[in-house]
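Residue numbers (the UniProt record's numbering): 1 to 504.
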Amino acid sequence: MTNLATLLTTSAAKYTSDPAVILDDLRLSYGQLDDLSARGAALLTANGIRPGDRVALVLPNVPHMAVLYYAILRAGGIVVPLNPLLTPRELTYHFQDAGVSFVLAWEDMAQASQKAVEELDGVAVLPISAQGTVGHLMSVEPAAEVVEREDEDTAVLLYTSGTTGRPKGAELTHHNLHSNAEIAGELFDLRNGDVMFGGLPFFHVFGQTVALNGVVARGAAVSLLPRFHPVKALEILRRDHVNIFVGVPTMYVALLHELGKGELTTEGIDLRAGVSGGSAMPVEVMAKFEKVFDTSVYEGYGLSETSPIVCFNQPGNVRKPGSIGTVVRGAEIRIVDGDDNEVPTNEVGEIAVRGQYVMKRYWNKPEATEEAMRNGWFHTGDMGRKDEDGAIFIVDRKKDMILRGGYNVYPREIEEVVYQFPGVVEAAVVGVPSEKHGEEVGAVVVFESGVLESKGREALSQELDAFVQERVAKYKYPRIYRITDELPKGPTGKILKRELSLDA
Numbered sequence: 001m002t003n004l005a006t007l008l009t010t011s012a013a014k015y016t017s018d019p020a021v022i023l024d025d026l027r028l029s030y031g032q033l034d035d036l037s038a039r040g041a042a043l044l045t046a047n048g049i050r051p052g053d054r055v056a057l058v059l060p061n062v063p064h065m066a067v068l069y070y071a072i073l074r075a076g077g078i079v080v081p082l083n084p085l086l087t088p089r090e091l092t093y094h095f096q097d098a099g100v101s102f103v104l105a106w107e108d109m110a111q112a113s114q115k116a117v118e119e120l121d122g123v124a125v126l127p128i129s130a131q132g133t134v135g136h137l138m139s140v141e142p143a144a145e146v147v148e149r150e151d152e153d154t155a156v157l158l159y160t161s162g163t164t165g166r167p168k169g170a171e172l173t174h175h176n177l178h179s180n181a182e183i184a185g186e187l188f189d190l191r192n193g194d195v196m197f198g199g200l201p202f203f204h205v206f207g208q209t210v211a212l213n214g215v216v217a218r219g220a221a222v223s224l225l226p227r228f229h230p231v232k233a234l235e236i237l238r239r240d241h242v243n244i245f246v247g248v249p250t251m252y253v254a255l256l257h258e259l260g261k262g263e264l265t266t267e268g269i270d271l272r273a274g275v276s277g278g279s280a281m282p283v284e285v286m287a288k289f290e291k292v293f294d295t296s297v298y299e300g301y302g303l304s305e306t307s308p309i310v311c312f313n314q315p316g317n318v319r320k321p322g323s324i325g326t327v328v329r330g331a332e333i334r335i336v337d338g339d340d341n342e343v344p345t346n347e348v349g350e351i352a353v354r355g356q357y358v359m360k361r362y363w364n365k366p367e368a369t370e371e372a373m374r375n376g377w378f379h380t381g382d383m384g385r386k387d388e389d390g391a392i393f394i395v396d397r398k399k400d401m402i403l404r405g406g407y408n409v410y411p412r413e414i415e416e417v418v419y420q421f422p423g424v425v426e427a428a429v430v431g432v433p434s435e436k437h438g439e440e441v442g443a444v445v446v447f448e449s450g451v452l453e454s455k456g457r458e459a460l461s462q463e464l465d466a467f468v469q470e471r472v473a474k475y476k477y478p479r480i481y482r483i484t485d486e487l488p489k490g491p492t493g494k495i496l497k498r499e500l501s502l503d504a
């Protein structure tokens, strides 16, 4: 059977009483996770969910997220995992675009989801609570079978964004995610008895594949942290005997900063490996983390559209500073020019990927799919080079995407919101180097002269900041504003973002 949920059923049969998911004092065994997800599948079926229906999950990293993720899959549904920080306006777009039939929302996020469905017909929201939901599931007779699905059936509709800033749903199949979970297990040598740090959100493909599906595929355990904080993270590493730390570079920086205060130590922490992705890790940070924690950090590369792992600094191979490693089994990578011709060794071009991890297509967006999947290769939009040993280096972003703390922020989306503010003439959103987040979001804005003279720069910046914060998720809004008289432009009138300079 192809269904991705068989990762759980297979491991539950082998490791029934072993821990699968940990959250502080709560330890959910494989048997319990399997049973609860089967009951969740029956509940969804009773609510009219049929194979192929889309069900939204708006939850942080709590055990319920794992339970309901596999419940949707067991019922034959398609999981639509969404960031709990999204505003009602943003949720409405995702619900409508995906055509969701049902929304499962954590108790703190249920109100935003309920507001988001007010404009939609026939979409129900089921609030998920820390205590009540488990009790409710226990009163439901578990589904006897896992619904059969084909390799190419969509398992997860994972939203990402393109050059227009409008989110697109990448259709990841059961085979995409199953095979990528297997490669994650191989790369990190995951085994029963291992405990992985679970601070990466499961609504994101990195956390979902590595810290959920990859862990479950090998009968390991994941210790969850719903909201990252370095002190709590260090406590979890020590308390739960975590031996694999997975995070984005800002998490590594935060841990080192906390230890640098001198109040906490690494005593009692024994990491076999660190795994980094989401954005480039500074070589100095990697070296310091390895020294402080007496471990090795392995950096990799992938995208939402590739499930995600396609390239990794693989244990046993030579690691080159600044490299994202070599292509993994089951994937192919080419570095191509504008005409899709492969460029010579060490020359810069666009990274293109094909293989069993690449998405089926973008949901209901044939033109975007055709643009990205040219000649059978997925074009990533990332610029890189490959050396004589096959090691790949990211050198730049082809697009203007900003990576803030491991999250993708697309300037066009923010600019469109800024333009809605009264009196704005022009706006440009750019990434600003930041020690804390890798990149910070900055906005340079031109106002009508009358508006600027009547209110002043400081008052306008404050009003604009409040306006944008109400309309986009917290990780997206600019923390830096600069009001100017004009923006630099090229001969064709295009704004030259490279000539804008802001300080974090």
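Even glycine gets a Cβ: it sits at the ideal position worked out from N, Cα and C.
Secondary structure at residue 162, three-state DSSP: helix, strand or coil? Residue confidence is low: residue 162 scores 45 on pLDDT, short of 50, so the model does not pin down where it sits. Its coordinate-derived value is still stated next. Coil.
To the nearest angstrom, how far is the alpha carbon of residue 164 from that of residue 412? Because residue 164 sits at a pLDDT of 46, beneath the cut-off of 50, its placement in the model cannot be relied upon, and the following sentence gives the value as read from the coordinates. If you draw a straight line from the Cα of residue 164 to the Cα of residue 412, it is about 6 Å long.
Going by beta carbon distance, what residues of the same chain come within less than 6 Å of residue 208, once the five residues before and after it are set aside? For residue 208, where only same-chain residues beyond five positions count, the Cβ hits under 6 Å are 202.
Determine the direct distance from the alpha carbon of residue 174 to that of residue 152, and round the result to whole angstroms. Taking the CA atoms as reference points, residue 152 sits about 7 Å from residue 174.
Among residues of its own chain, excluding the 5 on either side of residue 361, which ones have a beta-carbon nearer than 6 Å to its beta-carbon? Within the same chain, residue 361 has close Cβ partners 171, 369.
Below 9 Å between beta carbons: does that hold for residue 324 and residue 394? Against a cut-off of 9 Å, the Cβ pair of residue 394 and residue 324 comes out as a contact.
One question on the structure: do residue 56 and residue 80 come within less than 9 Å of each other, judged by their Cβ atoms? Inclusion of residue 56 and residue 80 in the CB contact set at 9 Å is warranted, their separation being smaller than that value.
Who are residue 168's beta bridge partners in DSSP? Looking at the DSSP assignment, residue 168 forms a beta bridge with 160.
Over the uninterrupted alpha helix (DSSP H) stretch that includes residue 291, give me the two end residues. Taken as a continuous stretch (DSSP letters only), the alpha helix (DSSP H) holding residue 291 covers 283-293.
Hey, residue 300 and residue 312 are a contact pair by Cβ (cut 8 Å); roughly how many whole angstroms apart? Taking the Cβ atoms as the reference, residue 300 lies roughly 4 Å from residue 312, within the contact range of under 8 Å.
Could you please give the first and the last residue of the uninterrupted beta strand (DSSP E) stretch that includes residue 298? Taken as a continuous stretch (DSSP letters only), the beta strand (DSSP E) holding residue 298 covers 297-302.
Tell me which same chain residues have a C-beta within less than 7 Å of the C-beta of residue 115, skipping the five on either side of it? Short of 7 Å from the beta carbon of residue 115, and not among the five residues preceding or following it, lie these beta carbons of its own chain, in chain order: 88.
Determine, using beta carbons only, whether residue 108 and residue 84 come nearer to each other than 9 Å. Taking 9 Å as the Cβ cut-off, residue 108 and residue 84 qualify as a contacting pair.
Own chain residues within Cβ distance below 7 Å of residue 288, not counting five before or after: Setting aside the 5 residues that flank it on each side, residue 288 is surrounded in the same chain by 256, each with a C-beta closer than 7 Å to its C-beta; the list follows chain order.
The stretch 223-232 in contact with the stretch 180-200 per 3-pair CB rule at 8 Å: Touching, yes.
List the DSSP bridge partners of residue 468. None; residue 468 has no bridge partner.
Cβ neighbours of residue 180 in the same chain (closer than 6 Å, five flanking residues each side left out): For residue 180, where only same-chain residues beyond five positions count, the Cβ hits under 6 Å are 209, 307, 309, 357.
When DSSP builds the beta bridges, which residues end up paired with residue 426? Bridge partners of residue 426: 446.
May I ask you to list the residues that DSSP assigns as paired with residue 223? Answer by DSSP bridge pairing, in chain order: 22, 197.
Where does the unbroken alpha helix (DSSP H) through residue 383 begin, and where does it stop? That residue, residue 383, is in no alpha helix (DSSP H); its beta strand (DSSP E) goes 378-386.
Can you tell me the Cβ-Cβ gap for residue 505 and residue 441, rounded? I've got them flagged as a contact below 8 Å. Here the chain comprises residues numbered 1 to 504, so residue 505 is not present and cannot be evaluated.
May I ask you to list the residues that DSSP assigns as paired with residue 154? Residue 154 pairs with 173.
When DSSP labels each residue in this structure, what does residue 203 get in the three-state scheme? It is coil, neither helix nor strand.
With distances taken between CB atoms, is the gap from residue 127 to residue 39 smaller than 9 Å? No, they are not a contact pair.
Assuming residue 366 is part of the alpha helix (DSSP H), what are its boundary residues? According to the DSSP assignment, residue 366 belongs to the alpha helix (DSSP H) that extends over 366-372.
May I ask which residues mark the beginning and end of the alpha helix (DSSP H) holding residue 260? Under the DSSP assignment, residue 260 falls in the alpha helix (DSSP H) whose first and last residues are 249-260.
Less than 9 Å between the C-beta atoms of residue 248 and residue 277, yes or no? Yes, the Cβ-Cβ distance between residue 248 and residue 277 is below 9 Å.
Nearest neighbour of residue 30, chosen from 129, 391, 239, 212 [CA to CA]: The shortest C-alpha to C-alpha distance from residue 30 to any of 129, 391, 239, 212 is the one to 212.
Classify residue 318 as buried or exposed, calling it buried when 16 or more other Cβ atoms lie within 10 Å of its own Cβ. It counts as exposed.
What distance in whole Å lies between the Cβ atoms of residue 340 and residue 375, which are believed to be in contact at a cut-off of 8 Å? Between residue 340 and residue 375 the Cβ distance is about 6 Å, and since that is below 8 Å, they are a contact.
Is the beta carbon of residue 443 less than 9 Å from the beta carbon of residue 482? The answer is yes: Cβ separation under 9 Å.
Got a sec? Which residues, its chain only, sit under 8 Å from residue 168 by beta carbon, not counting five neighbours each side? Cβ within range, chain order: 159, 160, 161, 162, 362, 363, 365, 368.
Check whether residue 23 and residue 63 have beta carbons under 9 Å apart: For residue 23 and residue 63, yes; Cβs fall inside 9 Å.
Using beta-carbon positions only, say whether residue 275 and residue 286 come within less than 9 Å of one another. For the 9 Å CB-CB criterion, residue 275 and residue 286 do not form a contact.
Buried or exposed, going by whether 16 or more other CB atoms sit within 10 Å of the CB of residue 477? Buried, by the Cβ-count rule.
Beta-carbon proximity list for residue 125, same chain, < 7 Å, skipping 5 on both sides: 103, 105, 110, 113, 114, 117, listed in sequence order.
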